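Just so we're on the same page, our numbering is the position in the sequence shown counted from 1, plus 83.
The beta carbon of each residue, even a glycine, is placed where N, CA and C say it ideally should be.
Bear in mind that the values here come from a model prediction, so they are computed numbers and not experimental data.
Report on the structure given below.
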Amino acid sequence: MGVAFAALGCLPWRQKPAERPLLVVVPTLDPDTYRPGEAVVCTVKVTNAGNAPAPAGSLSADTVEFWFGPTGTDLRYRREPVRSSREKGFEAITIAPKSSITRRFVLTRLTEEEGHFALHVLYSPEGNAPGTPGIPGPAFLYRVDGQRLFRRDENGLIRKEDAVESVKQKVGSGLANAEARLVRNEAGLLDWLVTAEVQGGDSAARRAFLVNPYTGVIRVEAKPQAGAHRAAKEKTETSY
């Protein structure tokens with residue numbers, strides 16, 4: 084018996100594994116097929132799969148990078164998500180063990196051409212920085228096919244003519260003297276303010292609509308004078 088205890092005494096002491104965080108990034112797209120010019124909504128989920136709290140940054144354009152390219156190639160192009168002018172910069176947070184953070188991002192320049200593509204998402208807990216690669220999530224494959232939905236400018240905003248066309252389809256009747264200009268809404272995002280004379284029976288009434296310039300969806304019908312007290316015209320460069 085003494086020999087047995089002596090042998091056991093020679094066994095190495097097993098230390099408890101050190102507690103550490105482990106961040107896992109998972110991006111998902113709503114559908115996997117889009118029409119040319121259609122906006123893409125990407126949901127990014129970051130989970131702390133470790134057993135210790137993880138210092139991190141909230142999900143935003145300051146911590147998440149989006150890259151895409153044709154499948155079967157090494158080509159990668161970076162695209163910025165839509166962001167509000169009121170959005171704060173990097174915000175430090177802590178992700179508890181087994182907990183997650185999630186955010187939906189709208190991207191307007193992932194469907195410029197038809198084809199098969201792969202979307203790559205990188206998350207940088209300490210903020211995006213040149214030369215510092217983020218934590219990658221699995222590539223998400225998607226396809227762009229069909230009739231073009233919207234034409235967009237170099238900033239990813241749908242063109243004025245397409246915003247007016249969206250209103251035409253909404254009201255189901257002819258428009259006269261249509262005008263459209265960009266205004267910034269209460270959320271710090273842009274809207275196309277489309278005003279026009281809408282024919283109804285024997286008369287025409289001046290009506291106004293706010294069209295989302297990222298998705299092309301008509302948000303709400305507004306008063307014709309809406310936005311008159313706002314900035315006359317927004318520079319689209321500041322919308323991202």
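So what's V254 in DSSP terms, helix, strand or just coil?
The count along the sequence shown starts at 1 and reaches residue 254 at position 171. Look at V254 here: in three-state DSSP terms it is helix.
With distance defined between alpha-carbon atoms, name the residue in G271, T154, A122, P216 nearest to F200.
On the sequence shown, position 117 is the one that residue 200 refers to. The residue with the shortest Cα to Cα distance from F200 is T154.
Taking the beta strand (DSSP E) that I241 belongs to, which residues open and close that run?
Here residue 241 corresponds to residue number 158 of the sequence shown, with the count starting at 1. No beta strand (DSSP E) holds I241; DSSP gives it neither H nor E.
Sorted by chain position, which residues of the same chain lie with C-beta nearer than 6 Å to G229's C-beta, five sequence neighbours on each side aside?
For the purposes of this step, residue 229 is identified with residue 146 of the sequence shown, where counting begins at 1. Taken in chain order, the residues that qualify are R118.
Using 8 Å as the cut-off, can you tell me whether the segment 277-297 makes contact with the segment 252-261, which would need three or more C-beta pairs spanning the two stretches below that distance?
Yes, since at least three Cβ pairs between the segment 277-297 and the segment 252-261 fall closer than 8 Å, the two stretches touch.
Is the CB-CB distance between V372 and E196 below 8 Å?
Residue 372 lies beyond the stretch modelled for the chain, which goes from 84 to 323, so this question has no answer here.
Spatial neighbours of L91 within its chain, please: C-beta separation below 8 Å, excluding the five flanking residues on both sides.
As a first step, residue 91 is located in the sequence shown; it is residue number 8 there, counting from the start. At L91 the pLDDT is 48, less than 50, meaning the model places this residue with poor confidence; the figure from the coordinates comes in the next sentence. Excluding residues within five positions, none has a Cβ falling inside 8 Å.
To the nearest angstrom, how far is it from the Cα of F151 to the Cα of V204?
The residue you call residue 151 lines up with position 68 of the sequence shown. The residue you call residue 204 lines up with position 121 of the sequence shown. Going by C-alpha positions, F151 is about 9 Å away from V204.
Going by other Cβ atoms of all chains shown within 10 Å of its Cβ, with 16 needed for buried, is I176 buried or exposed?
Position 93 of the sequence shown, counted from the first residue, corresponds to residue 176. By the neighbour-count criterion, in which a residue is buried when 16 or more other Cβ atoms sit within 10 angstroms of its Cβ, I176 is exposed.
Could you tell me which of S168, A288, S182 sits nearest to P104, measuring between CA atoms?
Within the sequence shown, the letter at position 21 stands for residue 104. Measuring from the Cα of P104, the nearest candidate turns out to be S182.
Quick check on DSSP: helix, strand or coil for E248?
As a first step, residue 248 must be located in the sequence shown, where it is residue number 165. Reduced to three states, the DSSP call for E248 is helix.
Going by beta carbon distance, what residues of the same chain come within less than 6 Å of E262, once the five residues before and after it are set aside?
Looking up residue 262 in the sequence shown gives position 179. Excluding residues within five positions, the ones whose Cβ falls inside 6 Å are T278.
8 Å contact criterion, which G120 and R234 should meet: CB distance rounded:
For the purposes of this step, residue 120 is taken as the residue at position 37 of the sequence shown. For the purposes of this step, residue 234 is taken as the residue at position 151 of the sequence shown. In this structure G120 touches R234 by the C-beta definition: roughly 6 Å separates them, less than 8 Å.
Length-filtered (3 minimum) beta strand (DSSP E) runs lying within the segment 167-250
Entirely contained in the segment 167-250, the beta strand (DSSP E) runs reaching 3 residues are, in chain order, 175-178, 183-190, 198-206, 223-227.
I'd like the list of long-range same chain contacts for A179, defined as Cβ closer than 7 Å, with 5 residues on each side in sequence excluded.
In the sequence shown, the residue the question calls residue 179 occupies position 96. Only N131, P136 meet the Cβ criterion.
Which residue from R166, R159, C125 puts its Cα closest to that of A144?
Numbered from 1 along the sequence shown, position 61 holds the residue referred to as residue 144. Per the Cα distances, R166.
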